[in-house]
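Have a look at the structure below before the remarks.
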Amino acid sequence: MKRFSQKVAKDAKCWMSFLLALIPLRPWRPSAILFLSPLVTLAEPSVRLELGKPEAWTGERLDFFIELRADGSFDGAPSFDLPEVPGTVIFKLGNPVLGSLTEDDTEYFTQRHEFALFSQADGAIELPPVRVRFAHRKGYTGPSFDESLETRPARITIRRPPGSSDLGFLVTTDSLDIEESWDPAPGPVEVGAVFKRSIVQTADNLSGIALAPAPADAPEGVRFYPGEPAVEDTSARGSLSGERRETLTYLVQQAGLHTLPAIRYDWWNPATRMLESKTLPAVSFTATAPPPPPAQPSPMRFLWLVPAALVVVLPLVFRRQLRAAARWLRDRIDPPSRRAARSFLRACHHDDPAAASREWSRLRALRPDLPASPELEARLLELQRCRFGPGPAGSWSGRELAVAFRELPSGHRHETRGPALPPLNP
12 MKRFSQKVAK
22 DAKCWMSFLL
32 ALIPLRPWRP
42 SAILFLSPLV
52 TLAEPSVRLE
62 LGKPEAWTGE
72 RLDFFIELRA
82 DGSFDGAPSF
92 DLPEVPGTVI
102 FKLGNPVLGS
112 LTEDDTEYFT
122 QRHEFALFSQ
132 ADGAIELPPV
142 RVRFAHRKGY
152 TGPSFDESLE
162 TRPARITIRR
172 PPGSSDLGFL
182 VTTDSLDIEE
192 SWDPAPGPVE
202 VGAVFKRSIV
212 QTADNLSGIA
222 LAPAPADAPE
232 GVRFYPGEPA
242 VEDTSARGSL
252 SGERRETLTY
262 LVQQAGLHTL
272 PAIRYDWWNP
282 ATRMLESKTL
292 PAVSFTATAP
302 PPPPAQPSPM
312 RFLWLVPAAL
322 VVVLPLVFRR
332 QLRAAARWLR
342 DRIDPPSRRA
352 ARSFLRACHH
362 DDPAAASREW
372 SRLRALRPDL
382 PASPELEARL
392 LELQRCRFGP
402 GPAGSWSGRE
412 LAVAFRELPS
422 GHRHETRGPA
432 LPPLNP
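So in this note's numbering, the last one in the sequence shown is 437, and the numbering has no gaps at all.
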């Protein structure tokens, strides 16, 4: 049936060329091409999967190719729905190889895409069909046609290298380079210190995705934080070089001697058919407890500032009220009349007629009801004569005046209350 379709398509092309030769006018040619193009659509596009080899070692790169065929130029980039196979990684490599071929007198445009497969499975595995979506034209010009085709399933065999059944994850490569660095270098530290361990793996003919991850092991008292691996692949003229970079972080949580375990990487060398390995050595260090933090001063130590501030601030803010209260309290404890009486007696004892006269006037103003005995009146008259009379003022003696004042009854010499106001309506 396929040969018959191709024969019909070939005959249709010949008839189309003959008919176009009969239409010399250029304006009629596009319409003729559009009318006659269904005659050449019998050459069906196809996709084909081809294995580079039917078997591979565990973790070895196995290439396969998907070839796209169409009877016209391709339009845009194709897309591939790669299947998910347990324990297997599949990804595309490089750019497609463009070409053309003639089969059964039919010319095809081709695209050849390369893929790499790495598997940790053991035994025969089936590669499910790969769905491919692409667009193409009929010939070099004209409208674009979308296609969605599937490849046939493929069967491959993964062989486990002898003596590697207990190794778990295994890669297969001719050369594997492993380097590590520390930041900071392991040594005596205090609890809470952090170490960063960087491990870089580089392998030929492998992708960084297919390289073994670092084990997440840490002793008790050290917390482990795995980092997000950085994978970088370099492809040039069919050769592939992969790199995997990981940063492991260790946080010291307890004091004592800690040993970070060694990390061993194993791989199968297909050239020598031998298992090879490299071990990153274990690292030991001592952690000590950090010194106790200095005692934080209690905020209560500043409480004494509160009363001190009150003592300073309150008198300034309420000085008028405090002054009035002090005067009121003093007058209650020591009335003005009593203070005036003491000042009067003091002036008399000092034989000071001017001060005695002044204090007596102040006392009489405070105590207008103060009675005066004949003796006190006589001594007060002597005081006035001394001050305003013709005799010298320095000859006056106030002792007799003080004695006469003291002879007054104690209830009349001073009074704790002020004089009563006269009645308003007698």
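Ideal Cβ positions, reconstructed from N, Cα and C, are used throughout, including at glycine.
Determine the burial state of residue i: buried for a count of at least 16 other Cβ atoms within 10 Å of its Cβ, exposed for fewer.
{"i": "Y482", "result": "Here the chain has residues from 12 to 437 only, and residue 482 is not among them."}
{"i": "G83", "result": "buried"}
{"i": "K440", "result": "Beyond the ends of the chain as shown, which are 12 and 437, falls residue 440; an answer cannot be given."}
{"i": "V324", "result": "exposed"}
{"i": "Q307", "result": "exposed"}
{"i": "H269", "result": "buried"}
{"i": "P420", "result": "exposed"}
{"i": "G87", "result": "exposed"}
{"i": "P172", "result": "buried"}
{"i": "A351", "result": "buried"}
{"i": "P41", "result": "At P41 the pLDDT is 48, less than 50, meaning the model places this residue with poor confidence; the figure from the coordinates comes in the next sentence. Burial call: exposed."}
{"i": "A367", "result": "buried"}
{"i": "H124", "result": "buried"}
{"i": "F399", "result": "exposed"}
{"i": "R338", "result": "exposed"}
{"i": "S218", "result": "buried"}
{"i": "T184", "result": "buried"}
{"i": "F446", "result": "No answer is possible for residue 446: it lies beyond the span of the chain, which begins at 12 and ends at 437."}
{"i": "F145", "result": "buried"}
{"i": "R208", "result": "buried"}
In angstroms with no decimal places, state the Cα-to-Cα distance between residue i and residue j.
{"i": "D115", "j": "S252", "result": "41 Å"}
{"i": "L340", "j": "P346", "result": "9 Å"}
{"i": "C397", "j": "A335", "result": "40 Å"}
{"i": "E137", "j": "P199", "result": "54 Å"}
{"i": "I34", "j": "E55", "result": "For I34, the predicted structure reports a pLDDT of 48, less than 50, and the residue's modelled location is therefore unreliable. A value from the coordinates is still provided. Their backbone Cα atoms lie some 28 Å apart in a straight line."}
{"i": "P49", "j": "Y119", "result": "Bear in mind that a pLDDT of 47 at P49, under 50, signals an unreliable position, so the number given afterwards is only what the model happens to contain. In a straight line, the C-alpha of P49 is about 17 Å away from that of Y119."}
{"i": "W279", "j": "L178", "result": "11 Å"}
{"i": "R37", "j": "L62", "result": "With a pLDDT of only 48 at R37, under the threshold of 50, the placement of this residue in the model should not be trusted, and no figure is reported."}
{"i": "S441", "j": "S57", "result": "With the chain represented from 12 up to 437, any question about residue 441 goes unanswered, as that position is not in the structure."}
{"i": "H147", "j": "E71", "result": "35 Å"}
{"i": "P326", "j": "R375", "result": "35 Å"}
{"i": "E284", "j": "T69", "result": "Note on residue identity: the sequence assigns Arg, not Glu, to residue 284. Their backbone Cα atoms lie some 13 Å apart in a straight line."}
{"i": "T99", "j": "E190", "result": "26 Å"}
{"i": "S342", "j": "E388", "result": "Reading off the sequence shown, one finds Asp at residue 342, where the question assumed Ser. Whole-angstrom Cα-Cα distance: 29 Å."}
{"i": "T260", "j": "A300", "result": "20 Å"}
{"i": "A319", "j": "R330", "result": "16 Å"}
{"i": "V51", "j": "R80", "result": "Note that V51 scores a pLDDT of 45, beneath 50, so its modelled location is shaky and nothing firm can be said."}
{"i": "A383", "j": "V328", "result": "47 Å"}
{"i": "I167", "j": "P140", "result": "13 Å"}
{"i": "F129", "j": "R255", "result": "15 Å"}
Tell me which residue opens and which closes the alpha helix (DSSP H) that residue i is part of.
{"i": "D398", "result": "Per the sequence presented here, residue 398 reads as Arg, with Asp not at that position. Element bounds for R398: P385 to F399."}
{"i": "V414", "result": "R410 to R417"}
Across which residues does DSSP place residue i in a beta bridge pair?
{"i": "S372", "result": "Its beta-bridge partners do not exist; DSSP assigns none."}
{"i": "G267", "result": "A298"}
{"i": "G83", "result": "G150"}
{"i": "E118", "result": "T113"}
{"i": "M285", "result": "N280"}
{"i": "T290", "result": "R275"}
{"i": "D74", "result": "A127"}
{"i": "D177", "result": "D177 pairs with nothing; no bridge assigned."}
{"i": "A247", "result": "S250"}
{"i": "V182", "result": "W278"}
{"i": "L333", "result": "Per DSSP, none; premise fails for L333."}
Quick one: give me the first and last residue of the beta strand (DSSP E) that residue i is part of.
{"i": "F145", "result": "R142 to R148"}
{"i": "P107", "result": "T99 to E114"}
{"i": "V324", "result": "Unbroken run through V324 is the alpha helix (DSSP H), L316 to V328; no beta strand (DSSP E)."}
{"i": "H360", "result": "Taken as a continuous stretch (DSSP letters only), H360 belongs to no beta strand (DSSP E), being part of the alpha helix (DSSP H) at P347 to H360."}
{"i": "L62", "result": "S57 to L62"}
{"i": "W68", "result": "E66 to W68"}
{"i": "V96", "result": "Here V96 belongs to no beta strand (DSSP E), and DSSP marks it neither H nor E."}
{"i": "S406", "result": "Run containing S406: none; DSSP gives neither H nor E here."}
{"i": "E239", "result": "Neither: E239 is in no beta strand (DSSP E) and is coded neither H nor E."}
{"i": "D194", "result": "L187 to D194"}
{"i": "L138", "result": "G134 to L138"}
{"i": "V211", "result": "V205 to D215"}
{"i": "L222", "result": "Segment: none, L222 is in no beta strand (DSSP E) and carries neither H nor E."}
{"i": "S155", "result": "S155 to E161"}
{"i": "R166", "result": "A165 to R170"}
{"i": "S90", "result": "S90 to D92"}
Shorter than 6 Å, the distance from the beta carbon of residue i to the closest heavy atom of the ligand HEM, or not?
{"i": "A241", "result": "With respect to the ligand HEM, the structure offers nothing, as it holds no ligand at all."}
Is any beta-carbon of chain C found at less than 7 Å from that of residue i?
{"i": "K149", "result": "The structure shown contains no chain C; it is built from a single protein chain."}
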